[in-house]
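*Asks:* Chains A and B, in that order, are what the protein sequence lines are. Taking our numbering, the leading residue of the first sequence gets 2, the next gets one more, and so forth. Taking our numbering, the leading residue of the second sequence gets 2, the next gets one more, and so forth. Idealized CB from N, CA, C, for every residue including glycine. Given the structure is predicted, the values throughout are model-derived calculations rather than measurements. Take this structure first; my questions come after.
Protein chains: 2
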Amino acid sequence: MPDHTRPPDKRVTIYDVANEADVSPSTVSRAFSRPSRVNSETAERVRQVAERLGYRTSPLARTLSTSRTHMIALVIADITNPVYAEIVRGAQEAATDGEYTTVLIDAQESDRLERVAIERTMSTVDGIVLASSRMSDSAIRMFAKQRPVVVLNRAIADVPCVVTDNPRGVRRAVEHLGELGHDHITYVAGPEASWPNGIRWRSLLEAGMELEIKVRQIGPFSPTIAGGERAAEELCARPATAVLAFNDQMAIGLIRGLGQRGVDIPGDVSIVGFDNIVAADIVTPGLTTVAAPLYAEGSAATRHLLTMIEGAPGHTGRPMVLPVRLVVRHSTAARNPSPGRARSPWVRQRPAPSPAPHLW
Amino acid sequence: MPDHTRPPDKRVTIYDVANEADVSPSTVSRAFSRPSRVNSETAERVRQVAERLGYRTSPLARTLSTSRTHMIALVIADITNPVYAEIVRGAQEAATDGEYTTVLIDAQESDRLERVAIERTMSTVDGIVLASSRMSDSAIRMFAKQRPVVVLNRAIADVPCVVTDNPRGVRRAVEHLGELGHDHITYVAGPEASWPNGIRWRSLLEAGMELEIKVRQIGPFSPTIAGGERAAEELCARPATAVLAFNDQMAIGLIRGLGQRGVDIPGDVSIVGFDNIVAADIVTPGLTTVAAPLYAEGSAATRHLLTMIEGAPGHTGRPMVLPVRLVVRHSTAARNPSPGRARSPWVRQRPAPSPAPHLW
DNA sequence: GACGCGACGGCAATGGGTTGCCATGTATTG
DNA sequence: CAATACATGGCAACCCATTGCCGTCGCGTC
Numbered sequence: 002m003p004d005h006t007r008p009p010d011k012r013v014t015i016y017d018v019a020n021e022a023d024v025s026p027s028t029v030s031r032a033f034s035r036p037s038r039v040n041s042e043t044a045e046r047v048r049q050v051a052e053r054l055g056y057r058t059s060p061l062a063r064t065l066s067t068s069r070t071h072m073i074a075l076v077i078a079d080i081t082n083p084v085y086a087e088i089v090r091g092a093q094e095a096a097t098d099g100e101y102t103t104v105l106i107d108a109q110e111s112d113r114l115e116r117v118a119i120e121r122t123m124s125t126v127d128g129i130v131l132a133s134s135r136m137s138d139s140a141i142r143m144f145a146k147q148r149p150v151v152v153l154n155r156a157i158a159d160v161p162c163v164v165t166d167n168p169r170g171v172r173r174a175v176e177h178l179g180e181l182g183h184d185h186i187t188y189v190a191g192p193e194a195s196w197p198n199g200i201r202w203r204s205l206l207e208a209g210m211e212l213e214i215k216v217r218q219i220g221p222f223s224p225t226i227a228g229g230e231r232a233a234e235e236l237c238a239r240p241a242t243a244v245l246a247f248n249d250q251m252a253i254g255l256i257r258g259l260g261q262r263g264v265d266i267p268g269d270v271s272i273v274g275f276d277n278i279v280a281a282d283i284v285t286p287g288l289t290t291v292a293a294p295l296y297a298e299g300s301a302a303t304r305h306l307l308t309m310i311e312g313a314p315g316h317t318g319r320p321m322v323l324p325v326r327l328v329v330r331h332s333t334a335a336r337n338p339s340p341g342r343a344r345s346p347w348v349r350q351r352p353a354p355s356p357a358p359h360l361w
Numbered sequence: 002m003p004d005h006t007r008p009p010d011k012r013v014t015i016y017d018v019a020n021e022a023d024v025s026p027s028t029v030s031r032a033f034s035r036p037s038r039v040n041s042e043t044a045e046r047v048r049q050v051a052e053r054l055g056y057r058t059s060p061l062a063r064t065l066s067t068s069r070t071h072m073i074a075l076v077i078a079d080i081t082n083p084v085y086a087e088i089v090r091g092a093q094e095a096a097t098d099g100e101y102t103t104v105l106i107d108a109q110e111s112d113r114l115e116r117v118a119i120e121r122t123m124s125t126v127d128g129i130v131l132a133s134s135r136m137s138d139s140a141i142r143m144f145a146k147q148r149p150v151v152v153l154n155r156a157i158a159d160v161p162c163v164v165t166d167n168p169r170g171v172r173r174a175v176e177h178l179g180e181l182g183h184d185h186i187t188y189v190a191g192p193e194a195s196w197p198n199g200i201r202w203r204s205l206l207e208a209g210m211e212l213e214i215k216v217r218q219i220g221p222f223s224p225t226i227a228g229g230e231r232a233a234e235e236l237c238a239r240p241a242t243a244v245l246a247f248n249d250q251m252a253i254g255l256i257r258g259l260g261q262r263g264v265d266i267p268g269d270v271s272i273v274g275f276d277n278i279v280a281a282d283i284v285t286p287g288l289t290t291v292a293a294p295l296y297a298e299g300s301a302a303t304r305h306l307l308t309m310i311e312g313a314p315g316h317t318g319r320p321m322v323l324p325v326r327l328v329v330r331h332s333t334a335a336r337n338p339s340p341g342r343a344r345s346p347w348v349r350q351r352p353a354p355s356p357a358p359h360l361w
């Protein structure tokens, strides 16, 4: 007789194992979830039987009684933005290490979409990482009341946060531009709902003050390549020699938009971005940018979330801040002495070439 | 007396509602999940009471009795590859429309990681979309036996598949290169475990046969920019005038790698990629590439999966094939008549510049 | 008036672990 | 040797909604 396993249409439960191993179901349960609570020999026997029967613990059933789903939600502002790829990786890794599964939510830059998606998912997850949330502080706090929440790239009182050192990043960028002779920097703003956008601008104000460099802001624009291209248009109306863009995608849009209008980069304008996405190394000229430890952001935030889920207080004091560094490439150069065209640095204005073929 | 809701530490269940509305729990349950099965007035009353008490149906408990989690897994080969962004979006949208939640799994180009992640998650989801799986056919079939599975970018007998029209895409690329005077095309291969890699090569063989263009293959290389750069090295040893790369990332790596070695693109070599990722429009020169309807891929696969979950047979006949188109940019040009340097088209070989600053 | 049928709603089992509490037996301590 | 402590394992309640099955009741029909 080959094997007398039970009818294959029925899944194996702790009761089956219990019968077979001659113990009670609770012992089987404990053998897996709290081995210390049961005699090691018994535990071993149970494990053997379970193995033989092909028993797999049902996470769903476990969930019902423990009300832990062992899932966390990772909410990102825009999956199309490559910055998030590494963040997601970092988060996944940390989650997997902790035996948690990650549900990814793409908010598509919409605070409404973000909110409804979270509402829909919240009851199914043990905690939430909000990466670059576009929601209001109060909305976030409301969620934080119902589930452990860690916020990434944003500082909110009373909610645990992980941020990068924006002030320092801006400072380094400004110093760099200052050393190149620029005495005026234009900030190309991203979404108003974006916290980094605000702090970058404020940091720029401050750094400008200290280093005696004038600053101004244009925007807001959408934090995409297209947004950067639109910013390029506007920039033409109010030329600048040095630009700090909210992020790399906008910076790349600027490079393209300005390039199409015959503006030389970095000859006429120096451009600095944020994030150091892969494409920053691909554009011509290579983009000088403030790099953040993306992977570390994702994993730090997630690890912190997991400790909160396990019951830790979730220290809400100062946000955890991660270091940044300036990556210098070729989109920044010494300020053009602009011989004789002080008022309007960009005199030549060749017609834009036919628009590039476009995406689906 | 302000309000006499039950102690706030306890969540509201159907039993609470049942008590309050003076019906049995089953009626409450039915009032929500099968309104037709209960008197409309009763249903309305129940709904009112539920509303007043702030009752929220617990998806977890529902899951246990229906054994439907209303979640699906979306497995992608590499979240770092921008192609997947749109696929994920399409899938999310379709899933959300069907009231399903998506669990994203990044396989990091590893078939082992892919398998263990799926094993870990399988019992928690109602179905799986496998986008560009790196697993073996048999592994996939095994999963398909346990849960509904739809495979994207790959054709496997007996498993529902969604693919893009690779043969046609390759054909168009070859025609394009042929028209430009190229009579020899080098295919730069991606991962051997990648199904599109295989079919693209076979399609190239076929198209070359018909159009009397010689073809050869080098590789495999990793399907990344770095992989393309390595391919560039190897390509230097065996020069070509026209290259078809497995995907855009490799094509971009080729452009950079060859460029650093002084090879002119498209003057000396024409390059065609696959996928039409955003960066294809950003490199210099713009990359000619075969574009696929990524969003549609994701949503089609997911919608099909959902119908299977709802009990549909999951037609496993021919795979569903989505159209592609060739996007011509500036990385392809008429074949250089190569005056006097027929044997070795790339004579000038300037020293590579210092390596670009690198990522974190 | 007897019978049949459909609408409505309740009972109780089900899904599969988890865990507080108690009982038993063995080991340690004074 | 009595008394207390600890290690083990079982009992049964619990998590919360779903659903097959049955009873009741009102209405229409022959």
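Run through chain B and tell me which residues come within less than 7 Å of S59 (chain A), C-beta to C-beta.
*Replies:* In chain order: S124.
*Asks:* Could you tell me the boundaries of the beta strand (DSSP E) in which H185 (chain B) lies?
*Replies:* Per DSSP, H185 (chain B) belongs to the beta strand (DSSP E) from H185 to V189.
*Asks:* Can you confirm whether the stretch 71-81 of chain B touches the stretch 132-144 of chain A when touching is taken to mean that 3 or more C-beta pairs between the two stretches lie within less than 8 Å?
*Replies:* Output reads no: the stretch 71-81 of chain B does not touch the stretch 132-144 of chain A.
*Asks:* In this structure, does DSSP put M2 (chain B) in helix, strand or coil?
*Replies:* The predicted position of M2 (chain B) is uncertain, since its pLDDT is 38 and thus under 50; a value taken from the coordinates is nonetheless stated next. Coil.
*Asks:* Could you check the C-alpha separation between P340 (chain A) and I219 (chain A) for me, to the nearest Å?
*Replies:* Low per-residue confidence applies at P340 (chain A): pLDDT is 44, beneath 50, and the placement is therefore not dependable, though the value from the model is reported in the following sentence. Their backbone Cα atoms lie some 26 Å apart in a straight line.
*Asks:* Have a look at A194 (chain A) and T165 (chain A) and give me their C-alpha separation to the nearest angstrom.
*Replies:* So the two alpha carbons sit approximately 17 Å from each other.
*Asks:* Taking only beta-carbon positions, decide if Q93 (chain A) is within less than 7 Å of chain B.
*Replies:* Answer yes: the Cβ-Cβ gap between Q93 (chain A) and chain B drops below 7 Å somewhere.
*Asks:* Residues bridged to D107 (chain B) by DSSP?
*Replies:* Bridge partners of D107 (chain B): B:I77.
*Asks:* Using a cut-off of 9 Å between C-beta atoms, extract the partners of R90 (chain B) located in chain A.
*Replies:* Neighbours of R90 (chain B) on chain A, chain order: I80, T81, D107 and Q109.
*Asks:* If distances are taken between C-alpha atoms only, which option among A:A32, A:V291 and A:D23 comes closest to P168 (chain A)?
*Replies:* The shortest Cα separation from P168 (chain A) among A:A32, A:V291 and A:D23 belongs to A:V291.
*Asks:* Check the C-beta distance from V279 (chain A) over to P83 (chain A) and give it rounded, since I have them as a contact under 8 Å.
*Replies:* Yes, V279 (chain A) and P83 (chain A) are in contact; Cβ-Cβ is about 6 Å, under 8 Å.
*Asks:* Counting C-beta neighbours from all protein chains within 10 Å, is the total for S300 (chain A) 16 or more, i.e. buried, or is it exposed?
*Replies:* S300 (chain A) comes out buried.
*Asks:* Is DSSP giving D159 (chain B) helix, strand or coil here?
*Replies:* Three-state DSSP puts D159 (chain B) in coil, outside helix and strand.
*Asks:* Below 7 Å between beta carbons: does that hold for V39 (chain B) and V18 (chain B)?
*Replies:* Not a contact, by the Cβ cut-off of 7 Å.
*Asks:* Over the uninterrupted alpha helix (DSSP H) stretch that includes S300 (chain B), give me the two end residues.
*Replies:* Taken as a continuous stretch (DSSP letters only), the alpha helix (DSSP H) holding S300 (chain B) covers L295 to I310.
*Asks:* Consider the Cβ of L65 (chain B): report whether some Cβ of chain A lies at a distance smaller than 7 Å.
*Replies:* Taking Cβ atoms only, chain A reaches closer than 7 Å to L65 (chain B), which makes this a yes.
*Asks:* Can you list the residues of chain A that A280 (chain B) reaches, using a CB-CB cut of under 7 Å?
*Replies:* Neighbours of A280 (chain B) on chain A, chain order: A280 and I283.
*Asks:* Identify every run of the beta strand (DSSP E) within the stretch 14-96 of chain B, keeping only runs that are complete inside it and at least 3 residues long; order them along the chain.
*Replies:* Counting only runs of 3 or more, we get 72-77.
*Asks:* Just mark E52 (chain A) as buried or exposed, buried being the case when its beta carbon has 16 or more other beta carbons within 10 Å.
*Replies:* Exposed is the call here.
*Asks:* In chain B, which residues lie less than 9 Å from I253 (chain A) when you measure between Cβ atoms?
*Replies:* Simply I283.
*Asks:* Decide if the stretch 152-163 of chain B is in contact with the stretch 304-322 of chain B; the criterion is three or more beta carbon pairs, one per stretch, under 8 Å apart.
*Replies:* Result yes; three or more Cβ-Cβ pairs closer than 8 Å.
*Asks:* On the three-state DSSP scale, how would you describe V1 (chain B)?
*Replies:* In the structure displayed, chain B extends from 2 to 361; residue 1 (chain B) sits before or after that span and is not available.
*Asks:* Nearest chain A C-beta to T317 (chain B) closer than 7 Å, yes or no?
*Replies:* T317 (chain B) does not count as touching chain A.
*Asks:* Grab the span of the beta strand (DSSP E) containing T122 (chain B) for me, first residue to last.
*Replies:* No beta strand (DSSP E) holds T122 (chain B); the alpha helix (DSSP H) holding it covers D112 to M123.
*Asks:* With a threshold of 7 Å between beta carbons, is T242 (chain B) in contact with chain A?
*Replies:* Not closer than 7 Å to any Cβ of chain A, the Cβ of T242 (chain B) fails to qualify, so no.
*Asks:* To the nearest angstrom, how far is it from the Cα of V264 (chain B) to the Cα of A233 (chain B)?
*Replies:* Distance between the alpha carbons of V264 (chain B) and A233 (chain B): 10 Å.
*Asks:* What in chain A is Cβ-close to T70 (chain B), meaning under 9 Å?
*Replies:* The contacting residues are L61 and T125.
*Asks:* Against A86 (chain B), what residues of chain A qualify as contacts under a CB-to-CB distance less than 7 Å, listed in chain order?
*Replies:* Simply I80 and T81.
*Asks:* Going along chain A in order, which residues have a C-beta closer than 8 Å to the C-beta of T103 (chain B)?
*Replies:* Neighbours of T103 (chain B) on chain A, chain order: V104 and L105.
*Asks:* Closest to I283 (chain B) by CA distance: which of B:I253, B:L307 and B:R262 is it?
*Replies:* Closest by alpha carbon: B:I253.
*Asks:* Is the closest heavy atom of the ligand ATP to the C-beta of H71 (chain B) under 6 Å?
*Replies:* Although the ligand ATP was asked about, the structure shown includes no ligands whatsoever.
*Asks:* Can you give me the Cβ contacts of G175 (chain A) inside the same chain, cut-off strictly under 8 Å, excluding the 5 residues immediately before and after it?
*Replies:* The amino acid at residue 175 (chain A) is misidentified as Gly; the sequence shows Val. Within the same chain, V175 (chain A) has close Cβ partners I186, L205, A208, G209, L212, I214 and L245.
*Asks:* Excluding the 5 residues flanking R304 (chain A) on each side, which residues of the same chain have their C-beta closer than 6 Å to its C-beta?
*Replies:* A95, listed in sequence order.
*Asks:* Return helix, strand or coil for R245 (chain B), following the three-state DSSP convention.
*Replies:* In the sequence on display, residue 245 (chain B) carries Leu and not Arg. Strand at L245 (chain B).
*Asks:* In this structure, does DSSP put G179 (chain A) in helix, strand or coil?
*Replies:* It is helical.
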